[in-house]
Structures are given as C-alpha cells and as structure tokens.
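To convert, note that position 533 of the sequence shown is 533 in UniProt numbering; the numbers rise steadily by one, no gaps. Think of the CB as a built atom: it goes at the ideal place given N, C-alpha and C, for glycine as much as any other residue.
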Amino acid sequence: MKLCQMGKQVQLNVKVQEKIQEKIRNKIVQIYDLVKNNEGIQIDTSTAGGLDSDRIFLEKFKNFWIQFCIQMQGIKDIFSYLERTYLIRQPNPDQSSFWIIGLSQLRQEIGEDVKHRLRLGVLKLIENDRQDEKRQNRDLIALLIHVMFALNFYKGYFEDYFLKQTEEFFNRDSLLKMQDLNISGYLIYVDTMIQKETERVEECLDISTKKRLIEILQTELIKNHVQAILSSEEFSKFIQDQRLDDLRRLYDLLKKVNLEGLFRNQFTIYLKKKGEDLLKDEGFIKKSFKGVEDILEFKKKSETLVQKAFPSKEDSDLFKQSLKEAFEYFLNIDSNQISEYLAKFLDIHLRKSSGQTGINDEQLETIIKEVIQVFRYVKSKDVFEEFYSRGLCRRLLLKKSASYEAEKSMISKLKTECGDQFTAKVEGMLTDLSLSDAFMNEYKTVKGDKLISQHEGIETHFFVLSQASWPITQQEKNVVMPSVLNNIQQDFETYYKSRQQGKCLTWCIQMGTCDVKSRFSNQDTIMEVSCSQSLILLCFNDKDQINFQELKDKTGLSEVEFQRQFLSLTLPEHPILVQTDLNENKEEVKADEKKPAAAQKCRVIKKNFLPTDQFKVNLRFRPKLKRIAINALQKKESKKEAENVHEKVLQDRKYLIDAAVVRTMKARKTVPHNDLITEVIRLVRFPLDIQSLKQRVENLIESEYMRRDDKEHNVYHYIA
C-alpha cells in the first residue's frame, strides 16, 4: 500500500506480473515433462483401480490448476489495494485484475501439446463415464471443463471434438442396439441415453453445449431409425396389444424432433389395414352381423387407446382426426354394404327378441350410440335410411319393438346427425301410429259395449297409416277372409269412410298379428301368429284334413307368402300342422298319443309339398307354455331382394342429383362446371360418381332446365 501511495504502482504491477509469469513457467514445465515422458506409453485400463497415463496427466494438471488458483488468490489478497486503485482503471480489460492477468499468461504458456493431451484425456474420461454407472469421473471432468472454459479453449477447440465424438459413438451404438434389442427395449435405451447425456452436460460441461448435444442425440438415436421403427411389425403390435407405455414413449420421442406426424400417419395406416382385414373377415363374407360387432369393438378399442396413450387435448384431437380418416376410408370401400349391415344390425337389437339375450335399456342405448358413431363415417346414408325404415316398419306394425323410447332415441340421433329431411319419413311413422291410436280410441268409444258383441267376442286393433311414410310395397290383394273377420273388417271400413270422406283403405293383412286360441292334449293354448297364419289355421275349424292346394286356395295368399307362413306352422319347434300318412293306422295313432312326448313317433317334415299332400292339426303337440309365439319364417332380404332395394336407392339418387343441380342453378343462375360438381357433392348424402353427375347434367340440358354457355363450354346457365 505504501508503494502505491508513493506512486510506485506501475513498477509494482510490473514486478507482480513478472512473478506470476515466473511461477506459471516453473509449474508448466512439470506438465510439459509429463507429456514428454508419457509419449508412446500404451494406456492400460485392465487393472482395476489402476491409473493409466492419461489419468496421471489429468490428475497432475488438476493439481497444477488448484495450486495456480491458490497462488493467484494469494496474490490477489496481498495486492488487493493495487488492484482496486490501479488495475481497475486500466483501459485494457485483460489488465483489469491479477486473476485475468494470470489466466492470460497461463493461456500463452500452455502449448498445443498440453491442450491436445488435455482434450484427449477429457474425451476419454467422458467415454468411460458413458459406460460407468458409478460416475466416478464426474468431478474431474467438471473441473477440467471449467479450466478449458476459463482458458478460452472450450468453444471451438474442445466442444466441437466432443460433439463429433458423441455423434460417432451413438451412430455406432444405436445401430448395434437396433440389432440386439426389440423396439420396446430400444426406446427404453434411447430414453436412458438422452437422460444420462443431459445429466452429464448439466453437471460437467458448459450449459451452452446442451442444445447442440440434444440435437445430435435426437438425430442419431431417433431420426436415423424412425422409418425402421414405424414400419416394424412390433409397432403394429404396440397398437394391437394396447401397449400404452411403449406407444407414449415413442410418440413423446418423435414429438421432440417434430416427427410426431409420421407416427400419426403410420397409426392411420394401421387402422386402415385393420379395417380392410375386418371387411375380408368371415363375419362379412358370410354376411353375419358379427362383422358389425367387430367394427364397433375395433372402434371402441381404438378410441380407448387414444384416450389412454395420448391424454392431452392437443394430441387427442389429432389422433381423433386420424381415427376419422381411417374409418371413413375402409367403411366407404363398399359403403352401400356397410350401411345395409348397420341398419340390419340395429333391427336385430331393437326387436323384442333382443330382450332374450339379456340386453337392458342402458345397453341398448349404448349400442345405438355406437352404431350412430360408425354411421357418421359412412357416405351411403340413403342406403341406411332405406333399410332402417323397413326394419322400423316391421317392428312397429308387428309389435316387435324392444323399446319405444329406444326407437325415439335412435330417430332423435339420426335427426341430429343428418337433419330434419332425413328423418321425415320415420317420424311420419310414429305420427301415424299416434293418430291411428287416437282414431281407434274414438272408434271404440263410439261403438261402446256393442263392439265386442258385434265382433263375436273378438277384440281387434287397426293401424291406419299414410302410404307415403311406410315402405310397404307389396299387398296381398286376393286374400279370402273368414266371414267373422270379414265382418269386423267391413264394420271398421264403413266407420272410417264415414269420418274420412274421400279416402280409401288398402288392407295389408301380411303386416298384422293375431292371437288364436287352441286346444292341444286337453290343454288350452294361446298362439301368437301372423294374420296370414291365422287364415291357414282357421281353415281347420271346418275340416279335419285339407290338402296343400286347397289350403292355398281357401286363404287366397300369394305363392311366396303362403309357402313362408305355412312352413312356419310345420317346423319341429312348434309343429302345429302335420302331414297325414295315408297308411297310418288310426288305432296306433290313438295309442301313440297316450304315450309320453319323448316316446312318441316323430315324423319327418318336408319343406316342399305336393298340391295333393294332406295336412291336419297335430293333436300330439304338447306345448310347454300356455302362450306360445309362432314366428313366421323371417322374410330375409334375399340377394335379389337386397339388390332391388339397392336399385331403388340408385334410382332415387338420380332424382336427388337432379334436384341438387337444379337447386344450385336456380340459386346462382350461372355456374362453372367444377363449382357445380363441388356444390352438388356437398348437398347429397351419398358417394357421388362424377360420371353419373355428368350424365344427369346432360339429361337436364336435354330437358331444358339449363344450357351451356355459347362461348365457354364448361359454364352453365339456368333456364327459368
């Protein structure tokens, strides 16, 4: 301090710096000697706990640095006044403190040999640390990195070599791991390596290196192998087996490198392929409804996977879009068929018979929701509408609906999904039933107590329906009604015409039901049959035996309807009618009837009968219940009948296309061809063939609803 106060600061500063340089040179010589003495020495890492030449050098350099720091701190403490009063005012920042001066002189004295040896040694420590779970070298690495950073040869000189070594290491190691591990194990390896490397760079290296290091790791461990991972069979297994941890781990890794889109694309491809496989499955080939169940289950499983594996709203929304794309793709490969199956699948579950399978109202509502969700993806909504309305018609008129509330729920959901126009007909059915019930109540009120006596004790209920809403295309026109039923029918028709003048009734008895009381083996039984079946059974009130042709003539039913209804009365489940054996001994029959049912003789029932085949009531039949339902053979949509429905839909589509074209032309007056196609596709609810649209446009031009522009061939004008 005294020398400083005497104005000797410059001289003192020079002396101190010379002393610093001298000490650095004396110490650095020892480091140089160590480098020279260890040249050519082979590294021996086989001895446990032994120190190789690189480690000896690094330990010596560490000690040198520690001593340098101690000495510089001592100088700083002794000459603190000089530093505060003189050095701090120097214009050269490299001369602003003894610590900076010391570092500058040390930087000049350390040669390339020492720097090179230091770099190689630290790189080897890092390489060893990658394979050492105990992390024994972390403190030494951190200190030496600090030295290099302080001496300004971390950036450029060390960092670039370190990153290059890291890139080469993980390039080799990732290839080996891809060969040795399965995909799940490799993803764990990637996660572990990124975590370890991140911890090391945070503990030992400068934090500025972290970003570049992570980029290298992501490239070598993820980007370079993403195609192999996503195209692997194991990735498909991840999805198929709901391996949520593996899926989430892979997606998170890809998301870090902005490749999550590739994951979603491959996820979509898997769903499309799986969907195509379902359509080729036995359930669809044999036209059973297991195929629809498989689709519903596949959708539910896929949605559950997305919900659990990717819970964040952002990711979930993206994967829901992938689900939508995949299901729209494979469900519309043959959307007409899918729409038909969905409607028939619903019909099965909405019938009363579905109650026998143990489905309650809550489960039925769930099935409806699931079907609507799949229906949303299907383009041929008009095909679904046609088959659904036919099923609804049968359920309502034959009183086979499992739940009226479920029917209304289904219609409500269709209305929400497709609009008022789509459900206009089916809503009209429900409205008709309500009006019909009101009319029947009025009819019974007016007739009062006389009704039962006039109808000979037979209780009746008529459905009065509007033809526009109900898909009943075939009526039995030549039916011969028994006198008692004919009188009841005439009485109602007379009353109806008196209240609804100008209207006429067309009777559709094939859609009606009837309860017939009978006696089998001294037991009264109520049989629930169709009206057509009741016509056949009532014929046996007049004769014990009737041949096949006579029965048909007596009922007046068409060939197809009679065959279907008659055969259902001869089936083993409820053999009401049996064929008469002309050689049968009457005494044997009487004796046989007295035996237990299991001991009685069984007749073989034929499905094809001759006109002369004789039939009688099976008095041997012993029903277990007092009330039995004789279901007519389901008039299953045969291939030809289904084709007719589809043909009707195709014909209706022509009218809908025409309406959409005319509506668009009327609104815009002049429309370019491409704009017209786009707008019509938007308006219709079915997959539109462009060629069909062009044909309809040509037909409308011929019909003078529109015309082409005289100059621009692809522009149309509306003709008012």
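Would you mind reading off the limits of the beta strand (DSSP E) that contains residue i?
i, result
"Lys360", "The displayed chain sequence assigns Asn, not Lys, to residue 360. From DSSP, Asn360 is part of no beta strand (DSSP E); its letter is neither H nor E."
"Phe330", "Careful: Phe330 lies outside any beta strand (DSSP E), inside the alpha helix (DSSP H) at Lys313 to Leu331."
"Arg707", "Met706 to Arg708"
"Val617", "Gln614 to Val617"
"Ile214", "Premise fails: Ile214 lies in the alpha helix (DSSP H), Lys210 to Leu221, not in any beta strand (DSSP E)."
Note down, in chain order, each residue of its chain lying with its Cβ closer than 6 Å to the Cβ of residue i, except the 5 sequence neighbours on either side.
i, result
"Ser184", "Asp246"
"Leu271", "Ala326"
"Tyr718", "Met665, Lys666, Lys669 and Met706"
"Lys273", "none"
Tell me whether residue i is buried or exposed, calling it buried when 16 or more other Cβ atoms sit within 10 Å of its Cβ.
i, result
"Leu435", "exposed"
"Asp129", "buried"
"Asp544", "exposed"
"Ser53", "buried"
"Ser568", "buried"
"residue 725", "For residue 725 there is no data in the structure shown, the boundaries of the chain being 1 and 720."
"Lys636", "For Lys636, the predicted model reports a pLDDT of 48, less than 50, meaning its position is unreliable; a value from the coordinates is still stated below. Label assigned to Lys636: exposed."
"Ile70", "exposed"
"Gln42", "Note that Gln42 has pLDDT 38, beneath the 50 cutoff, so the model's placement of it is unreliable and the number below is only indicative. By the 10 Å Cβ count, Gln42 comes out exposed."
"Glu643", "exposed"
"His514", "The sequence as given places Cys at residue 514; His does not occur at that position. Classification of Cys514: buried, given that the 10 Å Cβ count is 16 or more."
"Pro572", "exposed"
"Ala402", "buried"
"Val383", "buried"
"Ile333", "exposed"
"Gly261", "exposed"
"Ala720", "exposed"
"Ser703", "exposed"
"Pro471", "buried"
"Ile546", "buried"
"Leu557", "buried"
"Asp44", "In this prediction, Asp44 has a pLDDT of 40, which is less than 50 and means its spatial position is unreliable; nothing more can be read from the coordinates."
With which residues is residue i paired in a DSSP beta bridge?
i, result
"Thr670", "His717"
"Thr525", "Ser518"
"Ile546", "Phe615"
"Thr513", "Ser530"
"Phe401", "The amino acid occupying residue 401 in the given sequence is Ser; Phe does not appear at that position. Ser401 is bridged to Arg351."
I need the boundaries of the alpha helix (DSSP H) containing residue i, first residue and last residue.
i, result
"Gln691", "Ile690 to Glu702"
"Arg138", "Arg138 to Ala150"
"residue 747", "Residue 747 cannot be examined here, being either before or after the span of the chain that is shown, 1 to 720."
"Asn487", "Ser483 to Arg499"
"Arg685", "Segment: none, Arg685 is in no alpha helix (DSSP H) and carries neither H nor E."
"Ala629", "No alpha helix (DSSP H) holds Ala629; the beta strand (DSSP E) holding it covers Arg627 to Ala629."
"Tyr341", "Ser335 to Leu350"
"Glu459", "That residue, Glu459, is in no alpha helix (DSSP H); it is neither H nor E in DSSP."
"Phe562", "Glu559 to Ser568"
"Gln240", "Glu233 to Gln240"
"His116", "Glu112 to Arg130"
"Leu271", "Glu260 to Leu279"
"Tyr186", "Ile183 to Glu203"
"Phe439", "Ala424 to Lys447"
"Ala309", "Lys290 to Ala309"
Tell me which residues share the same chain as residue i and place their Cβ nearer than 7 Å to its Cβ, disregarding the 5 neighbours each side in the sequence.
i, result
"Thr494", "none"
"Ile509", "Glu476, Val479, Cys531 and Ser532"
"Val426", "Ser389, Leu392 and Ile411"
"Val292", "Tyr341, Leu342 and Phe345"
"Phe153", "Lys115"
"Cys602", "Residue confidence is low: Cys602 scores 44 on pLDDT, short of 50, so the model does not pin down where it sits. Its coordinate-derived value is still stated next. Result list for Cys602: empty, nothing under 7 Å."
Within a Cβ cutoff of 8 Å, which residues of the same chain sit near residue i, ignoring the five residues on either side of it in sequence?
i, result
"Glu365", "Ala406 and Ser409"
"Leu688", "Ile657, Val680 and Ile681"
"Lys400", "Arg351, Lys352, Ser353 and Arg394"
"Gln489", "Met481 and Trp507"
Is it the case that the CB of residue i approaches a heavy atom of the ligand SAH more closely than 7 Å?
i, result
"Pro672", "Among the ligands in the structure shown, none appear at all, so the ligand SAH cannot be discussed."
message = Three Cβ pairs or more, each shorter than 8 Å: is that satisfied between the region 364-375 and the region 410-430?
response = In the pairwise beta carbon analysis, the region 364-375 is classified as touching the region 410-430: at least three pairs are separated by under 8 Å.
query = Is the region 521-537 in contact with the region 616-625, if contact means three or more CB pairs nearer than 8 Å?
reply = By the Cβ test, the region 521-537 is in contact with the region 616-625, since at least three Cβ pairs between them sit closer than 8 Å.
Stretch pair the region 660-668 + the region 301-321: three plus CB contacts closer than 8 Å = No, the region 660-668 does not touch the region 301-321.
task = Indicate whether the contact test is met: 3 or more Cβ pairs, each with one atom in the region 708-717 and one in the region 642-659, closer than 8 Å.
result = A contact between stretches requires three or more CB pairs, one per stretch, nearer than 8 Å, and the region 708-717 fails this requirement with the region 642-659.
request  = Please confirm if the region 141-160 is in contact with the region 172-191, defined as three or more CB-CB distances below 8 Å between the two stretches.
outcome  = By the C-beta criterion, the region 141-160 is judged not to be in contact with the region 172-191, since fewer than 3 inter-stretch pairs fall below 8 Å.
inquiry  = For the region 236-243 against the region 195-210, do three or more pairs of beta-carbon atoms, one drawn from each stretch, fall closer than 8 Å, so that the two count as touching?
reply    = The region 236-243 vs the region 195-210: no contact.
request  = Take every Cβ of the region 248-268, pair it with every Cβ of the region 226-239, and state whether three or more of those distances are shorter than 8 Å.
outcome  = Because the criterion of three Cβ pairs below 8 Å is met, the region 248-268 and the region 226-239 touch.
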